[in-house]
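Using numbering that gives the first Met the number 0, you'd call the opening residue of the sequence shown number 0 and step up by one each time. Backbone N, C-alpha and C fix where the C-beta goes; we use that ideal spot for every residue, glycine too. Treat the numbers as computed from the prediction; the structure is a model and nothing was measured. Report on the following structure.
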Amino acid sequence: MLVSNAPPGRIAAMVKLSSLRKWSVLLSGFVFLAGCGNNASAPSGAAPQAAAPTPTPAPKSATPNSFDEVAAHLDPGGDFYLYLSTRQLLAKLDGFINSLHDTAVSQSGGNKGDMDKAFLVLKDVVQKSGVEDVSGFGASSFCYSPGLHRNKIFIHHAPDKGSGLMWSLFGKAPHPLTQLDFLPADTAYAVFGDFDLPQLIDFTRQEALGSGIPEATQAVNQWQTQFAGITGLKLDDVLKSLNGSMGMLVTLDSTSTINVPTGGQALDIPVPRLAIFIAVKNDIIFKQVDKMAGSNPGVIKVDQPDLHMRTMSLPMVPGLNLRPTIAQWNGYLVLASDDQLINQMIAVQKGGPGVKTAPDFVSISANLPAEGNSFAYTSPLFVETVHKIQGQMVANQPNISSTQAQAIQNWFSKYQPMFCGYGVGSILPDGSLTISQGRFTK
């Protein structure tokens, strides 16, 4: 079923359900029978020929849109298809801000001068953000095999546009996703992305300082002073040391469990570990942390040609090996729950078994791009664990009987599906494309 030309949004959506296939077979049969009547021009004894249908030209929208450009990145013929033209809507954005300004001024009764300055900043942010360059949005879902779905989302801009903040903040051209090369085999959740934090902070700072609002200028200056006082480093020096990407990973050990409170009855879950990795150009942050740690006897130091690591030894937590660790390794500043996780990442990067060879990841990531600007992975074990925690926390709410609690847990385990999968995001010359592939756990 295709729905199109629905102003003002001009939404085109195509949803194909499996039950419609039966009707299509019946309808095609009726069409065939209708075209097989007696034909006066057919020779005696010859089988009657059905007249060829006359092609109907596709209707042309009266207003320009980016349907063809968006559709080129989507999968037609699947379970879901959506296109939304945003040109008319975003063309009215400036007028909407003006109307909002007039309403705010008339109802505030305050300082009109400050209100005018604030809305000038808002209009400048919108203009520089690049949101007005968005000409269309599209999404599709296609079932490639039983239970396995490929989903696509594409945000389009004209090739000569796309210079705003939202288009430059999350990377430039796609590149090899080398971060996958050091994710351990028991990685349950991982996310990585190009992200220009210095650009975002500098943009925010310049907007505040250029606003002409004294409170905004004071807040920026105070923030930078406090940052230097707490860290011992200048904010600009830290920003210059960042290299434009960051990520996080969570591992779950299915062979051992830890007992965690959930607001009432405790719950056993696989032992988790966490690491955050930030791409850096130099080691000024690590050196400052090392300096602040000083000669603390509780800090374990490792200094090798390609690894500098500092680990804080803490009292043992039953079932959890918590040893906060910071490391400078492989062009990354790594913050981890324990040094063993970092050593495991190093071993995988040197050729040991990692998530790229794990059966769950291999099956879900098949045929997805090897290059991009971001990725996210959610394993079935992670989804199952989150599911259990959610159900237990809800069941432990006050004033819920044991019967109700059991019913809630049964509902979570049987009827609430959760999606596990792998997705890659890419910045393209004409927009932003995200392709994910996965399956529902239930």
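Residue i - partner residues in DSSP beta bridges
{"i": "residue 371", "result": "174"}
{"i": "residue 307", "result": "302 and 327"}
{"i": "residue 269", "result": "256"}
{"i": "residue 315", "result": "Answer is none; residue 315 lacks a bridge partner."}
{"i": "residue 341", "result": "In DSSP, residue 341 forms no bridge with anything."}
{"i": "residue 250", "result": "186 and 272"}
{"i": "residue 435", "result": "150 and 422"}
{"i": "residue 333", "result": "276 and 326"}
{"i": "residue 85", "result": "The partner list for residue 85 (beta bridge, DSSP) is empty, contrary to what the question assumes."}
{"i": "residue 79", "result": "140"}
{"i": "residue 245", "result": "192 and 277"}
{"i": "residue 377", "result": "188 and 420"}
{"i": "residue 353", "result": "183"}
{"i": "residue 427", "result": "430"}
For residue i, the nearest candidate out of the options (CA to CA)
{"i": "residue 127", "options": "170, 198, 143 and 148", "result": "198"}
{"i": "residue 229", "options": "252, 185 and 288", "result": "288"}
{"i": "residue 320", "options": "97, 378, 272 and 352", "result": "272"}
{"i": "residue 371", "options": "390, 431 and 316", "result": "431"}
{"i": "residue 437", "options": "196, 352, 322 and 148", "result": "148"}
{"i": "residue 443", "options": "150, 269 and 129", "result": "Since the first residue shown for the chain is 0 and the last is 441, residue 443 is missing from the structure and cannot be characterised."}
{"i": "residue 425", "options": "152, 119, 136 and 56", "result": "152"}
{"i": "residue 390", "options": "267, 284, 419 and 367", "result": "267"}
{"i": "residue 120", "options": "205, 105, 290 and 239", "result": "205"}
{"i": "residue 297", "options": "290, 303, 309 and 286", "result": "309"}
{"i": "residue 122", "options": "369, 98, 161 and 143", "result": "98"}
{"i": "residue 357", "options": "295, 77 and 182", "result": "182"}
{"i": "residue 388", "options": "260, 256 and 286", "result": "260"}
{"i": "residue 114", "options": "212, 256 and 192", "result": "212"}
{"i": "residue 359", "options": "246, 368, 242 and 185", "result": "185"}
{"i": "residue 145", "options": "89, 91, 73 and 363", "result": "363"}
{"i": "residue 165", "options": "142, 124 and 294", "result": "124"}
{"i": "residue 63", "options": "52, 87 and 365", "result": "87"}
{"i": "residue 264", "options": "53, 336, 392 and 368", "result": "392"}
{"i": "residue 258", "options": "106, 396, 79 and 317", "result": "317"}
{"i": "residue 383", "options": "427, 253 and 350", "result": "253"}
Sub-7 Å separation of residue i and residue j beta-carbons
{"i": "residue 251", "j": "residue 274", "result": "no"}
{"i": "residue 168", "j": "residue 195", "result": "yes"}
{"i": "residue 353", "j": "residue 347", "result": "yes"}
{"i": "residue 76", "j": "residue 140", "result": "no"}
{"i": "residue 116", "j": "residue 210", "result": "yes"}
{"i": "residue 381", "j": "residue 187", "result": "yes"}
{"i": "residue 69", "j": "residue 156", "result": "no"}
{"i": "residue 422", "j": "residue 433", "result": "yes"}
{"i": "residue 323", "j": "residue 311", "result": "yes"}
{"i": "residue 223", "j": "residue 234", "result": "yes"}
{"i": "residue 345", "j": "residue 333", "result": "no"}
{"i": "residue 191", "j": "residue 439", "result": "no"}
{"i": "residue 305", "j": "residue 244", "result": "no"}
{"i": "residue 255", "j": "residue 237", "result": "no"}
{"i": "residue 200", "j": "residue 240", "result": "no"}
{"i": "residue 150", "j": "residue 435", "result": "yes"}
{"i": "residue 118", "j": "residue 100", "result": "yes"}
Restricting to runs no shorter than 3 residues, where is the beta strand (DSSP E) found entirely within the segment 93-175?
You should have 133-144 and 147-156.
What are the uninterrupted segments assigned as alpha helix (DSSP H) that are 4 or more residues long and contained completely in the segment 179-236, given in chain order?
196-208 and 213-230
Would you check if there are 3 or more beta carbon pairs closer than 8 Å linking the segment 159-178 to the segment 224-242?
no
Sufficient close CB pairs (3 or more, under 8 Å) joining the segment 320-335 to the segment 277-285
yes
I want to know whether the segment 83-93 touches the segment 135-144 - three or more CB-CB distances under 8 Å.
With a cut-off of 8 Å, the segment 135-144 and the segment 83-93 count as touching, because enough Cβ pairs lie within range.
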